[in-house]
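Line by line, the protein sequences are chains C and X.
When we follow our numbering, the leftmost residue of the first sequence carries the number 500, and every step to the right adds one.
When we follow our numbering, the leftmost residue of the second sequence carries the number 3, and every step to the right adds one.
The structure under discussion appears below in the form of structure tokens.
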Amino acid sequence: MSRVSYQAQWYPLEPEESVLDGLLRQGIPVPHACKAGVCQSCLMRAARGAVPEKAQAGLKETLKARNYFLACSCRPEPGAELELAGDADELRVPARLESLERLSQDVLRVRLRPEMPFEYRTGQYLTLLRADGLARSYSVASLPREGVLELHVRLLPGGAMSGWLHAEARPGDAVRVQGPAGECFYVPGRPEQPLLLAGTGTGLAPLYGIVRDALEAGHTGPLWLFHGARDPRGLYLVEELRELAARHSNLHYRPSVLEGRLGEGIHVGALDALIREVCPKPVGWRAFLCGNPDLVLSLRKKLFLAGLSLKDIHADAFLPSASRPEGAGATTRASDASR
Amino acid sequence: MSTLFEQIGGAKAMDAAVELFYRRVLSDDRISRFFDGVDMERQSAKQKAFLTMVCGGPNSYTGLDMRKGHAHLVKSGLNDTHFNAVAEHLGGTLEELGVAKPLIQQVLQAAESMRADILNR
């Protein structure tokens, strides 16, 4: 049996049980969301004891060096003892809700103002923590120069964070943000390289940011932005993106739905078929894929087979939150599920 | 006399070969199902290690690793046909990169020597 100490109290772990599951089982609230080693909401720090290598996968070197680890992927060796120095409070930046604006029937644009410096790259994701510790991760759609952080939050049936944001949260409410993480962002250089950006649902958030980031950085190559949804109600920022495309001749915006009427400039059909039709030979391109994990993984494979190099494909599959019943998850992300 | 690995072009050639090789393998309906649901970046890293090994480069694979790594695939039907298909793509990739025929033969022999381990026989 292994055990962990938290706030001067020892807690036994079942065989193969993670530190997160063990603490939750014994009534210790630990912020968490994906339980898959990706969203980094359950970051904790060890004061003493060996941290398994697996528990630090994907963390920044600076965090590893300070013995931070992910509680959900930390399964100490049998007999091992791990003393926790607490959770990641010192890494969490206080912020206030600045505005909550409906972008569609079920997508909310949430703007937050961090009260301490919060460095990030547009398109990365962060963990949003409510005052009571409820945590969910969201991609950042804003640009650092804008000062506020912009998140797109889809209202999910029974979603704890999304339900609160949609119904109860008010501007001025105090929250905290942690992160960022993820490698789905624009890196300047090769301004003539064509970019292919494809996302479903609120997978548009990072892409909306990346497109604006690239344009501001002076990207001259074509930017193809594909946004897919089941039906037209799932699309949002349509007018805003059309206006952006009207101002930038190299930006091509292609909204696409599976079900809906033809016309109105919206494609009806499968997103991958549309991409293949519009961009038949993407050899040498750079791609950003965000949203539904099945679509992200299948597009990644298709684009690789079509000639894109794996190092030029930045994928961010949004995983459902594990604390919710199957299928109804809030989103946390797997930045590049295949890394 | 330089080694086989150096004659083929060393680590640089492996970088060029791995995506060509992986793309060939994934596009081949005879074998692509064995790669369903795998993590593409990790798979690509493994394939690079495999290519490096059969080309005589520095590697740390053992016969036992090859056995363990393929045991679950053998259970789901991996056999000689599939091994041959992969070997075909291995040769094709090196040909595409302009590697000389006699060198390709040596690489294919190295791959052949691992057939029993890979197929868990």
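Even for Gly, the Cβ is constructed at its ideal location relative to N, Cα and C.
In this text the structure is predicted, and so the values were computed from the model without any measurement.
Around the beta carbon of residue 542 of chain C, 16 or more other beta carbons lie within 10 angstroms, which makes this residue buried. In summary, residue 784 of chain C is buried, with 16 or more beta-carbon neighbours lying within 10 Å of its beta-carbon over all protein chains present. DSSP, reduced to helix, strand and coil, places residue 538 of chain C outside both helices and strands of the structure shown, so it counts as coil. Contact with chain C is found for residue 25 of chain X, since one of that chain's Cβ atoms lies less than 8 Å from the residue's Cβ.
Contact between residue 5 of chain X and residue 58 of chain X holds, with the beta-carbon distance rounding to 6 Å and staying under 8 Å. Look at the stretch 615-641 of chain C and you find these whole runs of beta strand (DSSP E), each 3 residues long or longer: 624-628, 634-638. In the structure shown, the three-state DSSP call for residue 652 of chain C is strand. Judged by beta-carbon spacing, residue 72 of chain X lies beyond the 8 Å limit of residue 30 of chain X, meaning their Cβ atoms are not closer than that value. Residue 581 of chain C sits close to residue 548 of chain C, with the two beta carbons spaced by under 8 Å. Under the 8 Å criterion on CB atoms, residue 116 of chain X is classed as non-interfacial with respect to chain C. Taking the Cα of residue 558 of chain C as reference, the smallest distance to any Cα among C:663, C:787, C:631, C:538 is reached at C:538. At a cut-off of 8 Å, the C-beta of residue 28 of chain X has a neighbouring C-beta in chain C. Proximity of chain X to residue 800 of chain C at the Cβ level (cut-off 8 Å) is accounted for by 28, 42, in chain order. Scanning its chain for C-beta atoms nearer than 7 Å, with the 5 sequence neighbours on each side dropped, one finds around residue 665 of chain C the residues 607, 654, in chain order. Note on geometry: alpha-carbon atoms of residue 657 of chain C and residue 820 of chain C lie some 12 Å from one another.
DSSP, reduced to helix, strand and coil, places residue 508 of chain C within a strand of the structure shown.
Rounded to the nearest whole angstrom, the CA to CA distance from residue 564 of chain C to residue 550 of chain C is 11 Å.
Annotation: residue 88 of chain X to residue 719 of chain C spans about 41 Å, alpha carbon to alpha carbon. As DSSP reads the structure, residue 567 of chain C sits in a beta bridge with C:544. The beta carbon of residue 522 of chain C is closer than 8 Å to those of 503, 505, 510, 529, 570 in its chain, skipping five residues each way along the sequence. Interface residue (Cβ-Cβ distance to chain X less than 8 Å): residue 803 of chain C is classified as such. Considered as a whole, the stretch 554-605 of chain C harbours 567-569, 580-586, 592-601 as its complete beta strand (DSSP E) runs of no fewer than 3 residues, in chain order. Among the CB atoms of chain C, none fall inside 8 Å of the CB of residue 62 of chain X.
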